[in-house]
Each structure stands twice: as C-alpha cells, then as structure tokens.
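From first to last, the protein sequence lines stand for chains A and B.
With the first letter of the first sequence counted as 1, position 56 gets the number 56 in this note's numbering; the numbers rise by one all the way through.
Every number in this note's numbering is 111 more than the matching position in the second sequence, counting from 1.
The block underneath contains the structure these notes are about, expressed in structure tokens.
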Amino acid sequence: SQTIHQWPATLVQPVGSPLSLECTVEGTSNPNLYWYRQAAGRGLQLLFYSVGIGQISSEVPQNLSASRPQDRQFILSSKKLLLSDSGFYLCAWLKTRDTQYFGPGTRLTVL
Amino acid sequence: DQQVKQNSPSLSVQEGRISILNCDYTNSMFDYFLWYKKYPAEGPTFLISISSIKDKNEDGRFTVFLNKSAKHLSLHIVPSQPGDSAVYFCAASADAGNMLTFGGGTRLMVKP
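Encoded structure:
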C-alpha cells in the first residue's frame, strides 16, 4: 500500500532562518506531488506541484522554493523565513485522477 | 477570484441529526468534485467524490449531491456523530485533471 510521510511534524524557527521540509511517498513510482499551505483559519493554498524529477511548477510567487531530487521525494525550502510563512504545510500525492492524498503535515511557527 | 466557495465558515448540529455542508463553484470546466475532512494538526482525509456525469454519490453515512445548473454541491452526513466534528473542504478539478481547487472550509461541530 502507498503511504506518504512528512517531517518534521512541528518546527519553530526564527525570522530569517532557512527552512527545509521533506515529503516522501512509498509504494508508488513517479507520482504527481504537491505542496500546500494552510494559514491559520484559512483554506488550502497550493504552493508547488511536480510531475517528475526536477520538474517544479510554482503557483504562488514567494520566498519559498521546492525541489524534487528523487522520484518519491519532494522538498520545500526557504533561504530566509518571514513571519508570514507560519502555517501548516501539507504534502499530497495524486493517487487516481483528481484524487489527492495528503500527508500528516508540518506545523511551522516563525517567531 | 475564488472559484470554489464554502460560504458557511461554521456549522453546529446535534448528534443524530443531518449535517449539510454546501459548496459553490464558478468555473464551468470543473467536472470532478471531492470532499475532504480535516482534524486539527492532521492532513486532510479524502471522504467522497463525484463526477459531473452523476448527480449523487453515496458512501455509508456520507452523500454528495451535485447540481450542475446551479454550480452547487453539498455533502450530507446522516446521522451526524461527535467524531464528525472537523473542518470539511470541498475541492474541484477541471478536465485537465490532477489540479484541485479548494474551498475555504467549513468547521462542523456535532454536539452530543
């Protein structure tokens, strides 16, 4: 069966520090992968998606970036965090047409 | 411009009664719709979906209704249980597939 992992589960970082969040999927190959952010009390905002290794599409211009160094690995990064980057970050993969399955998420607090 | 809207940010229902969560969309290209349930500090869980060729899909206590002419869908939960208390997101996809547009969510509270 397929599973999706995210780490860390929670993270507290100072403003201006770098960020690296990791997402991996098991039990499938070459999945479409997605990064979303849920700000406090808000809906889900698509940040990046990837259809394959090295292929990244950005939906929202900001100080975040994404990379896909391996088939089942998706990384969300920032060189310098802002207060507004605080939120709940979710990774998802496309299991069937249109149906995405989500990981457990990472709670990021920027102080 | 929000293409998928959930106009009720919250809903409170008594245990055992019906919960009805609503969702409206504006993009006529959307042809596949999903509902997700999300507990705090967890990832959303896929609940149920419906294709535009149908107007109803049922799975246990959950039923999704689609009214294409009104560009409206709803999720019915019968009977509601306290464990159903969560935030519910509707999402939609166009024919290009694999990209979902989410609504802002509705927080459902089921009171015992």
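For each residue, glycine too, the CB sits at the ideal point set by N, CA and C.
Close-in-space but distant-in-sequence residues of the same chain around residue i (CB under 6 Å, 5 per side omitted)
i, result
"B/T174", "H187"
"A/L21", "L76, Y89 and T106"
"A/N32", "V51 and L94"
"B/T137", "Q114"
CA nearest to the CA of residue i, picked from the options
i, options, result
"B/A197", "B/V221, B/N118 and B/L145", "B/V221"
"B/P151", "B/F213, B/N209 and B/G194", "B/G194"
Boundaries of the beta strand (DSSP E) in which residue i is found, first to last residue
i, result
"B/K167", "K167 to D170"
"B/L184", "H183 to I188"
"B/K222", "T217 to K222"
"A/Y36", "L33 to Q38"
Close beta carbons around residue i, own chain, < 8 Å, minus the five adjacent residues each side
i, result
"B/L211", "L145, A202, A203 and S204"
"A/D189", "Residue 189 of chain A is absent from the model: chain A starts at 1 and stops at 111."
"A/C23", "I4, H5, Q6, L33, W35, Q73, F74, I75, L76, C91 and G103"
Proximal residues to residue i (C-beta, below 7 Å), its chain only, five neighbours per side dropped
i, result
"A/L82", "V15, N63 and V110"
"A/T3", "E26 and G27"
"A/Y101", "I4, A92, W93 and K95"
"A/G43", "none"
"B/F141", "A203, S204 and A205"
Residue i - partner residues in DSSP beta bridges
i, result
"A/Q45", "A/R37"
Can you list, in chain order, the residues of the stretch 159-192 of chain B whose Cβ is nearer than 7 Å to any Cβ on chain A? S160
In chain order, what residues of the stretch 86-104 of chain A put their CB closer than 7 Å to some CB of chain B? L90, L94, R97, D98, T99, Q100, Y101, F102, G103 and P104
Listed from N- to C-terminal order along the chain, which residues in the stretch 14-48 of chain A have their beta-carbon within a distance smaller than 9 Å of any beta-carbon of chain B? N32, Y34, Y36, Q38, G41, R42, G43, L44, Q45 and L46
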